[in-house]
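Take a look at the structure below.
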Amino acid sequence: MSETTGIFRKLSSKLDHTPNDIPMGKRLGAYFIDWSLGGIISGFPAVLLYGVITGKSDMFSDLYVFEALGFERYWGMTAGILCLLAAILYYIVVPCKIWRGQTLGKHLLGLRIVRKDGEAVGVKELILRQGIAIFLMEGTLFIISTYIRQLVTLVTWVYVDAIWQYIGIAFTLLSVVLAIYTASHRALHDYIGGTKVVLALKEEEVKKDTLKQAEKSKPEQQKRKQKPMPAPQKKTEKKRLPKKNGKK
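Residues in the sequence shown are numbered consecutively from 578, following the working numbering.
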């Protein structure tokens, strides 16, 4: 029992316990928006390609359907690659280039992804957080993760879909526990990406306060610069008296 307690204490010491007052309702709402809208955008290329290649208008199921209907395997691979590009556009390019640190869901609900130190996220953090952690590790609920697993199966000819999904479920549950029950509310993908989610409005207020303080300090600095320097004192030269001649 003591060994188990010691393990939990060691694990707890590795976690970020910095308080974060982000409302979990907003974060769940943003997650739902990104899950639904991101899923539609990510899956649209496969649905479109399926209709063009097969000439059918029925429901698209998965990337395996092309080969099941007698088409070449590479059509499923092509659909998977196009879906991956669409997901990268929504989950990485948008929060990097359009709304810094914000997917559409976070933008609508006033949340922002920032680095752990509070600075703006870059491409590296978003690739680690969104691409590696969410797409590959936790993406049990994301449609793009399903397509990635199917794409790997099609490329390697090794069925990795099921075992990968079970591992993803474990990572997802761990991520949910971290996000809900720790003070920092950082999920597993936040630890991997070195990020956290904050209120965008609060962040802007902090920036405004910083700018105000900087503006207040400017006049004082200018006054110091404008203070006249004391005029250098002229050295008074002593007049030399003519030497008296000793001869009478």
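Think of the CB as a built atom: it goes at the ideal place given N, C-alpha and C, for glycine as much as any other residue.
Counting only runs of at least 4 residues, the region 684 to 760 fully encloses the following alpha helix (DSSP H) elements, listed from N- to C-terminal order: 700 to 703, 720 to 733 and 738 to 758. Rounded to whole angstroms, the Cβ separation of Ala764 and Leu755 is 5 Å, and the two are in contact under 8 Å. Nearest to Ile757 by alpha-carbon distance, out of Thr733, Lys591, Arg604 and Gly770, is Arg604. In the three-state reduction of the DSSP assignment, Lys633 falls in the coil class, being assigned neither a helical nor a strand state. DSSP places Leu765 inside the alpha helix (DSSP H), whose first and last residues are Leu765 to Gly770.
Straight through space, the alpha carbons of Pro622 and Gly771 are spaced by roughly 31 Å. With 16 or more neighbouring CB atoms inside 10 Å of its own CB, Lys773 falls in the buried class. When the five nearest sequence neighbours on each side are left out, the beta carbons in the same chain lying within less than 6 Å of the beta carbon of Arg677 are those of Ala697, in order along the chain. Comparing alpha-carbon positions, the option among Ile709, Ile769 and Leu686 lying closest to Gly606 turns out to be Leu686.
Going by DSSP, Ile665 is part of the alpha helix (DSSP H) stretching over Arg650 to Ile665. As the crow flies, the alpha-carbon of Met636 is around 13 Å from that of Ile617.
Fewer than three beta-carbon pairs drawn from the region 591 to 604 and the region 650 to 661 are found closer than 8 Å, and the two stretches are therefore not classed as touching.
It is roughly 16 Å from the alpha-carbon of Ile769 to the alpha-carbon of Tyr668.
According to DSSP, residue pairing for Lys773 in a beta bridge involves Val691. By the criterion of a C-beta distance shorter than 6 Å, Val624 is surrounded in its chain by Phe637, once the five residues flanking it on both sides are discounted. Under a 10 Å Cβ-count criterion, Glu702 is classified as buried, with 16 or more other Cβ atoms of the shown protein chains found around its own Cβ.
If you draw a straight line from the Cα of Ser634 to the Cα of Ile675, it comes to about 34 Å. Ranked by Cα distance from Glu715, the first of Ala664, Thr730 and Tyr743 is Tyr743.
Assignment of Tyr627 by DSSP, reduced to helix, strand and coil, places it in the helix class. For Asp639, the secondary structure class from DSSP, reduced to helix, strand or coil, is coil.
Under the three-state reduction of DSSP, Gly647 is assigned to coil, being neither helix nor strand.
Gly620 is not a Cβ neighbour of Leu731, given a cutoff of 8 Å.
The residue from Gly628, Tyr608 and Gly615 with its alpha-carbon nearest to that of Arg689 is Tyr608.
Trp612 sits away from Phe712, with the two beta carbons spaced by 8 Å or more.
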